[in-house]
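Structure first, then comments.
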Amino acid sequence: MKVEPLIVVKDVPASSAFYQSILLCESGHGGNEYEMLILDGNLILQLHARDVHDHPGMYEKDTAVGNGVLLWFRTGEFESAVKRVIEFSPEIVVEPHINPNAQQKEIWFKDLDGYMLVISSHIGDAK
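So in the working numbering, spot 6 of the sequence shown is number 7, and the numbers just go up one at a time.
Put into C-alpha coordinates, the structure is as follows:
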(Lines of atoms letter the chains of each structure in order from A and count residues from 1; the text may use other names and numbers.)
(Lines give C-alpha, C1' and ligand atoms only; values in the text may rest on other atoms or scores of the structure.)
Protein backbone atom coordinates (compact mmCIF):
# COMPACT_ATOMS: atom_id res chain seq x y z
CA MET A 1 0.00 0.00 0.00
CA LYS A 2 1.14 3.55 -0.74
CA VAL A 3 -0.16 6.77 0.76
CA GLU A 4 -0.75 9.57 -1.74
CA PRO A 5 -2.26 12.50 0.21
CA LEU A 6 -4.24 15.19 -1.56
CA ILE A 7 -4.66 18.65 -0.06
CA VAL A 8 -6.86 21.51 -1.19
CA VAL A 9 -5.00 24.77 -1.88
CA LYS A 10 -5.88 28.31 -2.95
CA ASP A 11 -3.24 28.55 -5.71
CA VAL A 12 -2.01 25.29 -7.21
CA PRO A 13 0.97 26.73 -9.15
CA ALA A 14 2.18 28.75 -6.12
CA SER A 15 1.82 25.76 -3.78
CA SER A 16 3.55 23.53 -6.31
CA ALA A 17 6.51 25.94 -6.48
CA PHE A 18 6.61 26.11 -2.65
CA TYR A 19 6.68 22.32 -2.22
CA GLN A 20 9.15 21.82 -5.06
CA SER A 21 11.51 24.35 -3.45
CA ILE A 22 11.30 22.83 0.02
CA LEU A 23 11.09 19.11 -0.78
CA LEU A 24 13.20 19.13 -3.96
CA CYS A 25 10.42 17.27 -5.75
CA GLU A 26 9.15 17.90 -9.26
CA SER A 27 5.89 18.48 -11.05
CA GLY A 28 4.26 15.35 -12.40
CA HIS A 29 1.19 17.05 -13.84
CA GLY A 30 1.14 20.85 -13.61
CA GLY A 31 -1.73 23.24 -14.13
CA ASN A 32 -4.03 25.60 -12.29
CA GLU A 33 -6.45 22.97 -10.96
CA TYR A 34 -4.37 19.94 -10.00
CA GLU A 35 -0.76 18.94 -9.41
CA MET A 36 1.10 15.73 -8.67
CA LEU A 37 4.42 16.16 -6.85
CA ILE A 38 6.99 13.47 -7.57
CA LEU A 39 10.16 12.56 -5.66
CA ASP A 40 12.46 9.78 -6.83
CA GLY A 41 9.74 8.52 -9.17
CA ASN A 42 7.11 8.34 -6.40
CA LEU A 43 4.00 10.45 -5.97
CA ILE A 44 4.39 12.12 -2.56
CA LEU A 45 1.65 14.77 -2.59
CA GLN A 46 -1.29 15.92 -4.68
CA LEU A 47 -2.54 19.51 -4.77
CA HIS A 48 -6.08 20.41 -5.82
CA ALA A 49 -7.72 23.79 -6.32
CA ARG A 50 -10.60 24.49 -3.95
CA ASP A 51 -13.60 25.19 -6.14
CA VAL A 52 -13.00 23.56 -9.51
CA HIS A 53 -14.59 20.12 -8.99
CA ASP A 54 -17.19 18.84 -6.58
CA HIS A 55 -15.46 15.87 -4.93
CA PRO A 56 -17.28 14.61 -1.82
CA GLY A 57 -15.55 15.64 1.41
CA MET A 58 -12.65 17.35 -0.35
CA TYR A 59 -13.41 20.86 0.80
CA GLU A 60 -16.00 22.11 3.24
CA LYS A 61 -16.29 25.89 3.10
CA ASP A 62 -16.97 26.27 6.84
CA THR A 63 -13.91 24.26 7.92
CA ALA A 64 -10.40 25.69 8.07
CA VAL A 65 -8.01 24.00 5.67
CA GLY A 66 -5.43 21.85 7.36
CA ASN A 67 -7.38 21.53 10.59
CA GLY A 68 -6.15 18.32 12.23
CA VAL A 69 -3.73 17.46 9.41
CA LEU A 70 0.05 17.25 9.72
CA LEU A 71 2.07 16.40 6.63
CA TRP A 72 5.25 14.68 7.78
CA PHE A 73 8.31 14.23 5.57
CA ARG A 74 11.47 12.33 6.57
CA THR A 75 14.84 13.08 5.06
CA GLY A 76 18.44 11.98 5.38
CA GLU A 77 19.51 15.57 4.66
CA PHE A 78 17.84 17.42 7.52
CA GLU A 79 20.20 20.43 7.73
CA SER A 80 19.85 21.32 4.05
CA ALA A 81 16.06 20.89 4.31
CA VAL A 82 16.01 23.30 7.27
CA LYS A 83 17.86 25.92 5.20
CA ARG A 84 15.20 25.64 2.48
CA VAL A 85 12.37 25.84 5.03
CA ILE A 86 13.85 29.00 6.55
CA GLU A 87 14.19 30.51 3.08
CA PHE A 88 10.71 29.64 1.77
CA SER A 89 8.37 29.12 4.73
CA PRO A 90 5.94 31.90 5.63
CA GLU A 91 5.69 30.69 9.25
CA ILE A 92 8.00 28.48 11.29
CA VAL A 93 5.98 27.09 14.21
CA VAL A 94 8.67 25.06 16.03
CA GLU A 95 12.33 25.83 15.39
CA PRO A 96 14.70 22.94 14.61
CA HIS A 97 14.98 20.74 17.69
CA ILE A 98 15.47 17.15 18.81
CA ASN A 99 12.33 15.18 19.59
CA PRO A 100 13.34 13.36 22.81
CA ASN A 101 10.89 10.50 22.26
CA ALA A 102 11.84 9.59 18.68
CA GLN A 103 15.43 10.88 18.99
CA GLN A 104 15.10 12.64 15.66
CA LYS A 105 15.60 16.21 14.47
CA GLU A 106 12.44 18.11 13.51
CA ILE A 107 11.24 21.46 12.21
CA TRP A 108 7.54 22.38 12.17
CA PHE A 109 6.20 25.03 9.79
CA LYS A 110 3.17 26.05 7.73
CA ASP A 111 2.69 26.09 4.00
CA LEU A 112 1.04 28.88 1.99
CA ASP A 113 -2.46 27.67 2.97
CA GLY A 114 -1.76 27.09 6.64
CA TYR A 115 -1.23 23.31 6.54
CA MET A 116 1.20 22.17 9.23
CA LEU A 117 4.29 20.47 7.84
CA VAL A 118 7.07 18.64 9.64
CA ILE A 119 10.41 17.71 8.19
CA SER A 120 12.37 15.30 10.32
CA SER A 121 15.47 13.20 10.23
CA HIS A 122 15.06 9.45 10.62
CA ILE A 123 14.04 7.98 13.98
CA GLY A 124 17.07 7.55 16.22
CA ASP A 125 19.35 9.81 14.13
CA ALA A 126 19.81 12.28 16.99
CA LYS A 127 21.13 9.75 19.54
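Note that CB positions come from ideal geometry on N, CA and C, so glycine has one too.
A direct Cα-Cα distance of roughly 33 Å separates E36 from G125.
Here the C-alpha atom of I87 lies approximately 12 Å from the C-alpha atom of F79. Counting the other CB atoms within 10 Å of its CB gives A50 a total of 16 or more, which places it among the buried residues.
Residue range V13 to L24 is occupied by the alpha helix (DSSP H) that includes A18.
Under the 10 Å beta carbon count, S122 is surrounded by 16 or more other beta carbons and is classified as buried. The alpha carbon of I39 has as its nearest neighbour, out of L118, E61, S22 and H54, the alpha carbon of S22.
For the 8 Å CB-CB criterion, V13 and N33 form a contact.
Leaving aside the five residues that flank N100 on each side, the residues in its chain whose CB is nearer than 6 Å to its CB run, in chain order, E107. Selection S90, H30, R85 and Y116 evaluated against A65 yields Y116 as nearest (Cα-Cα).
In the DSSP assignment, the residues bridged to V9 are H49. For V86, the enclosing alpha helix (DSSP H) has its first and last residue at F79 to F89. Counting along the chain, no beta strand (DSSP E) covers K62, and no H or E run does either.
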